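Taking it in order: structure first as structure tokens, then the write-up.
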Amino acid sequence: MRRTAIFALAFALLLCAGCGQEGAEPTPVPSMEPSAAPEQTGPAVEIPDEPYSYLTNEYEWFTLGDAYAAAMEPYETWHEYKYDEGTTLLIAPKETLADVSFYTMDMDEEGVFIPGEVFCTLDELTPEEPMVLSIQFYGSMTTYGMSFTAADGTQHNLMITMGGRGADEACPYNASEY
């Protein structure tokens, strides 16, 4: 028993060996305030050679589909964000979009989707520099959100989901206003 107590004391001293030393960095305390989401992640989004689907969905403000090598050829640069391994979406604006945010969607007690964690923000998304977004659809209920201000100044909030149709029948991704 005495040997265990001595070992525990020695271990505790080892853990505290760096405490109070000059130049030691204090452990940061997490902020309770929400922080702005980063514009990019560290790891680059891998652009696949072939898409899950060659089909796209056209919206008033952008085209939504898979990002893949041939689809990226018209662009010299693009924004990218890797939230999770899985689907690699290409959001190609038809006009300049401002104050763009991507976020998770949560479901409230009444079964209504509401905005969750913001994981990417951009000041501007242009037709010359689209967005490549790596996300994961875990099933038919997985939903992400996108908000932006269109060129006419109108604010839009969209839910991005994966539809139930085959990749050769229709674009598997949908965006709808909420």
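Take this note's numbering: the last position of the sequence shown gets the number 210, and nothing is skipped along the way.
From the three backbone atoms N, C-alpha and C, an ideal C-beta is built for every residue, glycine too.
Remember, it's a predicted structure, so these values are computed and weren't measured experimentally.
Start and end residues, beta strand (DSSP E) containing residue i
{"i": "Ala101", "result": "Where Ala101 is concerned, there is no enclosing beta strand (DSSP E), although the alpha helix (DSSP H) it sits in stretches over 101 to 104."}
{"i": "Ser208", "result": "205 to 209"}
{"i": "Thr109", "result": "Element bounds for Thr109: n/a, residue is neither H nor E."}
{"i": "Thr95", "result": "94 to 98"}
Nearest-angstrom Cβ-Cβ length linking residue i and residue j, presumed shorter than 8 Å
{"i": "Leu144", "j": "Ser133", "result": "Looking at the sequence itself, residue 144 is Val, so the reference to Leu does not match. The Cβ separation is near 19 Å, so there is no contact."}
{"i": "Ala99", "j": "Leu122", "result": "4 Å"}
{"i": "Pro80", "j": "Ala124", "result": "So it is not a contact: roughly 16 Å between Cβ atoms."}
{"i": "Ala207", "j": "Tyr91", "result": "6 Å"}
Other residues of its chain near residue i: CB distance less than 8 Å, five sequence neighbours each side excluded
{"i": "Cys203", "result": "Ser85, Leu87, Thr88, Asn89, Leu96, Gly97, Gly195"}
{"i": "Asp138", "result": "Phe145, Ile146, Pro147, Gly148"}
Residue from the options with nearest C-alpha to residue i
{"i": "Thr181", "options": "Asp200, Tyr205, Thr158, Tyr170", "result": "Thr158"}
{"i": "Ile192", "options": "Glu209, Asp200, Leu154", "result": "Glu209"}
{"i": "Ala102", "options": "Glu108, Glu82, Glu117", "result": "Glu82"}
{"i": "Ile146", "options": "Glu92, Pro125, Met178, Ala183", "result": "Met178"}
{"i": "Thr136", "options": "Ala207, Tyr176, Pro106", "result": "Tyr176"}
{"i": "Asp131", "options": "Leu165, Tyr91, Gly185", "result": "Gly185"}
{"i": "Pro106", "options": "Glu156, Glu160, Asp140", "result": "Glu160"}
{"i": "Met104", "options": "Val164, Glu201, Glu127", "result": "Val164"}
{"i": "Asp155", "options": "His111, Gly148, Glu78", "result": "His111"}
{"i": "Lys126", "options": "Phe94, Glu78, Val77", "result": "Phe94"}
{"i": "Glu78", "options": "Ser166, Asp140, Tyr205, Tyr170", "result": "Ser166"}
Residues of its chain near residue i, where Cβ-Cβ distance is below 6 Å and the 5 sequence neighbours each way are ignored
{"i": "Ser172", "result": "none"}
Any non-hydrogen atom of the ligand COA within 7 Å of residue i CB
{"i": "Pro162", "result": "The ligand COA is absent from the structure shown, which contains no ligand whatsoever."}
Same chain only: Cβ atoms within 7 Å of residue i, ignoring 5 sequence neighbours per side
{"i": "Gln168", "result": "Asp116, Glu117, Gly118, Thr119"}
>> Quick check on the DSSP output: what are the complete alpha helix (DSSP H) runs of length 4 or more inside the region 120 to 188, in order along the chain?
In response: Here no run is fully enclosed.
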